[in-house]
Amino acid sequence: MSITAETAKEHANDPAVLCCRAEAGLTIGAENLEDPAILDDLVDSGLLNLDGCLTIGQVLGAKLTKTCDSLSAITADVVEGAKAPAAAEETPAAPAEEPAAAEPAPAVSAAGTGGVLKIHIGEGKDIDIELPLGIAGGASAAVPAQTAEAAAAAEPAEQEPVVVRELTRKHYQITEVKRGPETKIEGTTLYIREGIEKECVEDQELVTEVKLEIITPENYHTYSETIMDVQPIAAKEGEDEIGSGATRVLDGVVVMVTGTDTNGVQIGEFGSSEGYLDENIMWGRPGCPDKGEIFIKTQVTIKEGTNMERPGPLAAHTATDIITQEIREVMKKLEDDLVVDTETFRQVRRPGKKKVVIVKEIMGQGAMHDNLILPVEPVGILGGKPNVDLGNVPVCVSPLEVLDGCIHALTCIGPASKEMSRHYWREPLVLEALHDEEVDLCGVIFVGSPQINAEKFYVSKRVGMMAEMLDVDGAFVTTEGFGNNHIDFASHHEQIGMRGIPVVGMSFCAVQGALVVGNKYMVSMVDNNKSESGVENEVLACNTLCHEDAIRALAMLKSQMGGEDVKAAEKKWNPNVKSTNVELISNVTGKPVELVDNEQSLPMSDKRKAKYD
Amino acid sequence: MKYGDRIIKMEGVIVEVHDGCVAVDMKGRLGYLKVPMRMIITDYPLKVGQEVAWNMSFVEQLGPEPNEKYISNLDTLKRRQEEKRAQNQNN
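Chains as they are written, first to last, in our numbering: chain Y, 40 to 652; chain C, 501 to 591.
Here is the structure:
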């Protein structure tokens with residue numbers, strides 16, 4: 040199929056291949072050329088050989104000297120008048136998704152010396168320089184330069200950051216969890232009332248049994264049902280609301296929800312992380328327990344057949360929350376002298392800096408694919424609205440609300456890519472963007488992922504409108520896991536991108552989660568994969584968004600906002616792209632990017648080891 | 501995989517619709533497939549009896565040895581289901 044002049048321009052450096060038979064003497068135009076997007080497949084299947092092929096930019100306007108069949112690569116011997124290769128235009132850097140961080144920023148020096156503005160550009164392309172009128176008056180020039188750093192340096196007048204609100208986290212250390220006659224905290228020991236399970240069962244019609252287990256580091260090698268959620272134990276102080284004021288949190292202990300129905304079928308069924316805890320948890324991921332923490336683990340049994348209906352998983356979570364809520368009530372009465380650490384999060388707006396928004400796509404297809412938004416207590420149940428009931432429409436929250444547990448996640452498959460409630464509590468992208476002084480994070484938009492395509496596009500258009508109204512300079516779009524949520528993920532990119540806003544996407548893709556659809560706005564993507572072979576490896580939270588991914592995404596968005604092009608990804612998943620990018624970023628920032636471990640660091644049973652390694 | 505690129509089109513009929521998953525009988529009694537909601541792409545509300553199609557290849561073994569982890573998980577499931585069954589009968 041032939042291409043348009045516009046496409047030809049975009050692909051000026053891609054191979055030129057004839058789309059149909061062409062006679063000698065023809066002057067080659069865009070309409071004679073094949074779409075470069077399909078060439079890889081043809082090369083793979085052996086139908087096409089691109090050796091010595093000229094680029095589209097070179098052959099446009101050249102004359103064909105020999106009659107060629109369709110799908111012939113245009114080489115130098117069949118044309119005359121081809122342009123010389125555009126030398127030195129492309130930096131021959133390593134194949135990377137984000138060359139921006141590496142390519143030397145063209146030297147743009149703007150200096151208003153004695154009314155003379157000198158701009159020297161050593162090397163570069165597509166550089167826009169805008170000068171305010173009335174520059175003769177000695178006003179400084181604003182140069183929308185190539186990198187965010189350069190832009191920051193050339194800001195007319197440095198505007199002071201504004202602290203919008205603050206959130207204080209008071210940490211209480213827990214070193215032991217015991218059962219006792221009443222729920223209380225004494226020093227660093229947490230007691231949970233004996234018999235509280237009975238109340239959990241009575242409260243929920245669908246729940247037939249609740250077992251409470253306390254898992255200490257010594258017995259991590261215990262069988263567990265599929266892990267449905269990992270939650271911090273936190274309570275608001277006094278009348279404070281989520282996202283501001285003070286939050287009390289217990290360190291060294293987390294709540295873990297697991298369960299089956301009365302037939303022994305896992306709740307949610309598809310989240311197969313059952314097995315020995317120590318072999319199935321990727322320790323230290325934002326959503327996971329850290330090594331050394333004690334788990335208060337509930338094993339909830341719900342009525343048969345309700346494991347796949349919406350009320351079932353919600354009942355399991357609600358029953359567990361009765362225990363957590365009782366602990367919260369105790370925490371509210373704790374004395375301040377037990378506080379071991381105080382952390383303050385400031386929501387800072389940075390006027391004059393590039394304004395960015397984070398769009399987080401959460402699941403909304405039903406049952407386990409649901410989330411409670413903005414409960415009264417951090418990661419609580421009461422007051423939270425299921426995003427499925429909200430119609431999956433975008434909901435705006437502040438970054439501090441995210442970090443204060445405004446999402447109670449009823450997460451589903453697959454274990455390696457699901458974002459648990461604790462993930463939001465320690466959301467790396469929000470933290471990195473909030474602390475980055477080069478960008479102005481204006482907020483976070485949560486948008487559900489409905490089941491039906493028409494609804495997906497409905498919510499996606501609202502996201503686009505929101506981005507437009509916010510007047511942002513850039514946006515992140517993140518999603519968890521893979522599946523039909525990639526359809527709206529792509530649509531969010533389109534809706535934001537078509538408004539001229541640079542957008543960087545983050546998702547688990549690699550081999551198994553390869554995107555099902557794409558569009559021309561999906562140019563900057565960060566893959567959250569950590570697994571060795573790029574698949575869903577059934578290890579809890581292995582492939583979720585980590586700090587290293589957030590750093591890459593930020594670098595990519597800054598480059599994009601600075602006007603750099605991001606190189607296209609390779610056709611097949613190549614883990615080296617990530618390592619190259621990480622290297623480029625640490626070269627530029629001078630700070631090493633620490634990479635997290637993957638499943639290879641977990642223990643394997645001796646039997647497995649003997650057989651597979 | 502040795503035959504990884506031998507992709508064939510399969511058709512099936514939706515036989516169960518739950519809030520969290522959909523079950524599909526493959527036409528010609530070639531099997532049964534139960535997938536979570538997010539793994540099915542839909543233009544219309546899901547209903548039993550709707551026809552669906554997808555591409556898949558044949559299922560190949562990855563090796564001769566069973567994985568102990570999965571055996572142990574299956575044993576636990578079996579044991580647990582027996583316990584539950586006994587419990588259900590007593591109730």
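All residues carry an ideal CB built from backbone N, CA and C; glycine is no exception.
Bear in mind the structure is a predicted one, so any value in this text is a computation, not a measurement.
When you compare the CB of residue 562 of chain C with every CB in chain Y, is at least one pair closer than 8 Å?
no
8 Å is my cut-off, CB to CB: does residue 547 of chain C come that close to chain Y?
no
Ordered along the chain, which non-local residues of its own chain (more than five positions away) have a Cβ less than 7 Å from that of residue 530 of chain Y?
495, 496 and 499
So with Cβ pairs under 8 Å, would you call residue 520 of chain C a contact of chain Y?
For residue 520 of chain C, the answer is yes, since a Cβ of chain Y falls inside 8 Å of its Cβ.
For residue 229 of chain Y, which residues of its own chain have a beta-carbon under 6 Å away from its beta-carbon, when the five flanking residues on both sides are left out?
213 and 216
With a threshold of 16 other CB atoms inside 10 Å of the CB of residue 209 of chain Y, please say whether the residue is buried or exposed.
It counts as buried.
Grab the span of the beta strand (DSSP E) containing residue 346 of chain Y for me, first residue to last.
Residue 346 of chain Y -> no beta strand (DSSP E), and no H or E assigned at all.
Excluding the five sequence neighbours on either side, which residues of its own chain have a C-beta within less than 6 Å of the C-beta of residue 128 of chain Y, listed in chain order?
Summary for residue 128 of chain Y: the model assigns pLDDT 41, below 50, so the residue's position carries little reliability; its value from the coordinates is reported in the next sentence. Once the five neighbours on either side are set aside, residue 128 of chain Y has no close Cβ partner at all.
Residue 263 of chain Y: buried (16+ other C-beta within 10 angstroms of its C-beta) or exposed?
Buried, by the Cβ-count rule.
Within a Cβ cutoff of 7 Å, which residues of the same chain sit near residue 533 of chain Y, ignoring the five residues on either side of it in sequence?
558 and 560
Nearest neighbour of residue 455 of chain Y, chosen from Y/101, Y/318 and Y/92 [CA to CA]
Out of Y/101, Y/318 and Y/92, the CA that lies nearest to the CA of residue 455 of chain Y is found in Y/318.
So for residue 399 of chain Y, helix, strand or coil by DSSP?
strand
Residues of chain C with a CB under 9 Å from the CB of residue 548 of chain Y: which are they?
Going along chain C, no residue has its Cβ under 9 Å from residue 548 of chain Y, so there is no contact; the nearest lies around 15 Å.
Does chain Y have any CB closer than 8 Å to the CB of residue 508 of chain C?
no
Chain C contacts from the stretch 489-501 of chain Y (Cβ-Cβ distance under 8 Å)
Per Cβ criterion, the list reads 490, 491, 492 and 493.
Pair within 8 Å by beta-carbon distance, residue 282 of chain Y and residue 443 of chain Y:
yes
Cβ of residue 600 of chain Y within 8 Å of Cβ of residue 512 of chain Y?
yes
Do we get a CB-CB distance below 8 Å when we pair residue 538 of chain C with the residues of chain Y?
yes
Given that a residue counts as buried once 16 or more other Cβ atoms are within 10 Å of its Cβ, and exposed if not, what is residue 258 of chain Y?
Flag for residue 258 of chain Y reads exposed.
Which residues mark the beginning and the end of the alpha helix (DSSP H) in which residue 532 of chain Y is found?
Residue 532 of chain Y -> alpha helix (DSSP H) spans 524-536.
Using a Cβ-Cβ cut-off of 8 Å (strictly less than) and excluding sequence neighbours within five positions of residue 107 of chain Y, which residues of its own chain qualify?
57, 60, 61, 113 and 117
Can you grab the Cα-Cα spacing for the pair residue 505 of chain Y / residue 238 of chain Y, in whole Å?
44 Å
For residue 87 of chain Y, which residues in the same chain have their Cβ closer than 8 Å to its Cβ, ignoring the five residues on either side in sequence?
56, 78, 81, 110 and 112
In chain order, what are the residue ranges of uninterrupted beta strand (DSSP E) at least 3 long that sit wholly in the stretch 550-621 of chain Y?
563-566
Kindly give me the distance between the Cβ atoms of residue 338 of chain Y and residue 298 of chain Y, rounded to whole angstroms, as I take these residues to be in contact under 8 Å.
6 Å
Would you mind telling me which residues of chain Y sit closer than 7 Å to residue 529 of chain C, beta carbon to beta carbon, in chain order?
Within chain Y, no residue comes near residue 529 of chain C; the closest Cβ sits about 23 Å away, beyond 7 Å.
Supposed contact pair residue 485 of chain Y and residue 550 of chain Y - C-beta distance, whole angstroms, cut 8 Å
Wrong, their Cβ atoms sit about 28 Å apart, outside the cutoff.
Quick one: does residue 502 of chain C have its CB under 8 Å from some CB of chain Y?
no
How far does the alpha helix (DSSP H) with residue 536 of chain C in it reach, from first residue to last?
It is not in any alpha helix (DSSP H) - residue 536 of chain C instead sits in the beta strand (DSSP E) that spans 532-536.
So with Cβ pairs under 8 Å, would you call residue 520 of chain Y a contact of chain C?
yes
Strictly under 8 Å for the Cβ-Cβ distance: is residue 463 of chain Y near chain C by that measure?
no
Closer than 8 Å by beta-carbon distance: list the chain Y residues that pair up with residue 544 of chain C, in chain order.
Here the neighbours are 491.
Relative to the ligand MN, is the shortest distance from any of its heavy atoms to the C-beta of residue 362 of chain Y smaller than 7 Å?
Absence of the ligand MN from the depicted structure is noted, as is the absence of any ligand whatsoever, leaving it without description.
So residue 511 of chain C and residue 553 of chain C are in contact, right, with Cβ under 8 Å, and what is the actual spacing, rounded?
5 Å
Residue environment, residue 539 of chain Y, which counts as buried when at least 16 other CB atoms sit within 10 Å:
exposed
Measure the C-alpha to C-alpha separation of residue 572 of chain C and residue 579 of chain C and round it to an integer number of angstroms.
10 Å
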